[in-house]
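So the sequence lines, in the order shown, correspond to chains A and B.
Counting in my numbering, the first sequence tops out at residue 1544, every number present.
Counting in my numbering, the second sequence tops out at residue 1544, every number present.
All residues carry an ideal CB built from backbone N, CA and C; glycine is no exception.
Beneath this line is the structure, given in structure tokens, with notes to follow.
Number of protein chains: 2
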Amino acid sequence: MFGRAKSDAATVVRLLAEQVRRDISFGELPPDTKLKIDDLRGRYGGSAHSFREALTLLSVEGLVEATAQRGFRVASATQADLEDITRLRAEIECLGLEWAMQRGDVRWEGAIIAAHHTLSKAEDAVVEDPDGHALEWDEANREFHARIMAACGSPRLIEFQEQLFQQSRRFRLAALREGKIDYARSRDAHAELVKAIVARDRKTALKILSDHIRGSLV
Amino acid sequence: MFGRAKSDAATVVRLLAEQVRRDISFGELPPDTKLKIDDLRGRYGGSAHSFREALTLLSVEGLVEATAQRGFRVASATQADLEDITRLRAEIECLGLEWAMQRGDVRWEGAIIAAHHTLSKAEDAVVEDPDGHALEWDEANREFHARIMAACGSPRLIEFQEQLFQQSRRFRLAALREGKIDYARSRDAHAELVKAIVARDRKTALKILSDHIRGSLV
DNA sequence: AGGTTCAGAAATTTCGACAATATGAAAAAT
DNA sequence: ATTTTTCATATTGTCGAAATTTCTGAACCT
């Protein structure tokens, strides 16, 4: 779920990185927490070197901040960070959507419809029982947004979007815990977005996606 | 205070990463070269673990590809990669310029003018003696583009631009060695860009920057 | 000839222990 | 009160080595 698509083979380093990534996203490791290698080893296992490598990885991804001679800490999560991530996500995903609409074929549309089908089920479930289906919903949402980008033809843009989405997850899950997410509006936006995409209505699709991300962080 | 303060403190890992980064950019480590830890240690020094960490860093930056259980290789550099990087750079830098023109004050303009002054000197030098002043020119060019982005207010956008510029450097220096860079045109574009920026002519500035990047990779 | 199998070599990944260095805070001195 | 010194703690880097995986190439079979 929190893995990266790069290579499916799992090394210890990647496993550790994934666990820490998850715990940061879920808020179990709050922003600015000092990440002491020895403590982490007690929690997750692994050797000191493997952990350094894992944290180095996360630091380039943006979830961890590394300072020379002062170790690692969970990246801070300020209002400015949220705004930066949101603004950028809107721009990047719209760019991806625009390119994808130029290159995407029917199979691309099909993949989006399929992902949206899963997502709408998750949306129904999460409206009924927010706490129980939050993760399922977040994953379906990730998949949906990823499918849209998939046909843009730019691996670097896709990777950047994944990074931003990963960074935004912390804020999204926090908002979710506080019941600050308007699922109904998000659901409507997703449905209309799919409609605009299959209708090849470029302008409308871009506007919906942009407003959707800026408005709800979803 | 504002952006992420990249601590200039040098650890062994960062030094190693910097050296490898440079040698990849300069083509001394050609694309797809296998990066065997033991060989690298003989060349640069450092311990095996430090090198693993350095290469992990570079792999997230995009200059090195890591495959589980199969070690590290210099990232391949195909025509598709060049096109991807160029397209993205144009979009990202234009976005940065647009935001910077909204937020940038007179000091921002001053920094650009200063950087352009240095750059134009380097451009004069590189026209006379391409091989001798290539690096100076590339560095001045980097600084110039970085200054433009500086006022955009998005640390993540700035970092992404730096990554893309770093990735494009390989292609740029290769083109330079083959004498395929049109310095005169690039110089004109830079000069006109500065003029449009200080005149606050948003539309013209964006068009010049976009055409400039797409046209010359500079 | 062409392909397969399999043992040995080489490389990667991981781990533990230890030394060197830097940081942060308490203690001492001015 | 401010500065300096000291010291415990944490980070960083090195060495050595074991476990695992991949690569290589020779022998074998069809």
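To the nearest angstrom, how far is the alpha carbon of residue i from that of residue j?
i: Phe1398 (chain B); j: Asp1537 (chain B); result: 35 angstroms
i: Ala1380 (chain A); j: Thr1530 (chain B); result: 45 angstroms
i: Phe1491 (chain A); j: Gly1388 (chain A); result: 11 angstroms
i: Gly1541 (chain B); j: Arg1415 (chain B); result: 12 angstroms
i: Glu1504 (chain A); j: Ala1392 (chain B); result: 39 angstroms
i: Val1453 (chain B); j: Ala1466 (chain B); result: 14 angstroms
i: Leu1532 (chain A); j: Lys1362 (chain B); result: 46 angstroms
i: Trp1434 (chain A); j: Glu1344 (chain A); result: 29 angstroms
i: Leu1366 (chain B); j: His1442 (chain A); result: 48 angstroms
i: Val1400 (chain B); j: Asp1455 (chain A); result: 48 angstroms
i: Ser1333 (chain A); j: Gln1489 (chain A); result: At Ser1333 (chain A) the pLDDT is 42, less than 50, meaning the model places this residue with poor confidence; the figure from the coordinates comes in the next sentence. About 16 angstroms.
i: Val1524 (chain A); j: Glu1419 (chain B); result: 31 angstroms
i: Ala1440 (chain B); j: Ala1476 (chain B); result: 14 angstroms
i: Ala1336 (chain B); j: Val1346 (chain B); result: 15 angstroms
i: Gly1430 (chain B); j: Ile1539 (chain A); result: 26 angstroms
i: Asp1349 (chain A); j: Leu1499 (chain A); result: 12 angstroms
i: Glu1424 (chain B); j: Gly1479 (chain B); result: 11 angstroms
i: Gly1371 (chain B); j: Asp1364 (chain B); result: 9 angstroms
i: Ala1451 (chain A); j: Phe1497 (chain A); result: 21 angstroms
i: Lys1360 (chain A); j: His1459 (chain A); result: 31 angstroms
i: Thr1382 (chain B); j: Glu1485 (chain A); result: 16 angstroms
i: Leu1461 (chain A); j: Ile1507 (chain A); result: 14 angstroms
Give the secondary structure of residue i by DSSP, where H, G and I count as helix, E and B as strand, and everything else as coil.
i: Arg1592 (chain A); result: No statement about residue 1592 (chain A) is possible, as the shown extent of chain A runs from 1327 to 1544 and does not include it.
i: Glu1409 (chain A); result: helix
i: Glu1391 (chain B); result: strand
i: Ile1438 (chain A); result: helix
i: Asp1537 (chain A); result: helix
i: Pro1356 (chain B); result: coil
i: Thr1404 (chain B); result: coil
i: Gly1372 (chain B); result: coil
i: Arg1508 (chain A); result: Note on residue identity: the sequence assigns Asp, not Arg, to residue 1508 (chain A). In this structure, Asp1508 (chain A) counts as coil in the three-state DSSP scheme.
i: Val1544 (chain A); result: coil
By the DSSP assignment, the beta strand (DSSP E) with residue i in it spans what residues?
i: Arg1396 (chain A); result: First-last for Arg1396 (chain A): undefined, no H or E at that position.
What residue does the alpha helix (DSSP H) around residue i start on, and which one ends it?
i: Ser1494 (chain A); result: Pro1481 to Arg1503
i: Glu1344 (chain A); result: Val1338 to Ser1351
i: Asp1431 (chain B); result: Run containing Asp1431 (chain B): none; DSSP gives neither H nor E here.
i: Gly1458 (chain A); result: Pro1456 to Ala1476
Quick check on the burial criterion: 16 or more other C-beta atoms within 10 angstroms. Buried or exposed for residue i?
i: Ser1373 (chain B); result: exposed
i: Ala1394 (chain A); result: exposed
i: Glu1417 (chain A); result: buried
i: His1471 (chain B); result: buried
i: Gln1428 (chain A); result: exposed
i: Ser1494 (chain B); result: buried
i: Ala1515 (chain A); result: buried
i: Ser1402 (chain A); result: exposed
i: Glu1354 (chain A); result: exposed
i: Gln1405 (chain B); result: exposed
i: Ala1522 (chain A); result: buried
i: Ala1510 (chain B); result: exposed
i: Glu1547 (chain B); result: A query on residue 1547 (chain B) cannot be resolved here, the shown segment of chain B reaching from 1327 to 1544 and no further.
i: Gly1422 (chain B); result: buried
i: Val1544 (chain B); result: buried
i: Arg1378 (chain B); result: buried
i: Asp1407 (chain B); result: buried
i: Pro1468 (chain A); result: Per the sequence shown, residue 1468 (chain A) should be read as Arg rather than Pro. It is buried - the Cβ of Arg1468 (chain A) has at least 16 other Cβ atoms within 10 Å.
i: Val1432 (chain B); result: exposed
i: Arg1482 (chain B); result: buried
i: Asp1358 (chain A); result: exposed
i: Arg1473 (chain B); result: buried
i: Asp1457 (chain B); result: exposed
i: Arg1526 (chain B); result: exposed
i: Arg1369 (chain B); result: exposed
i: Arg1413 (chain A); result: buried
Report the partner residues of residue i according to the DSSP bridge assignment.
i: Leu1361 (chain A); result: A:Phe1398
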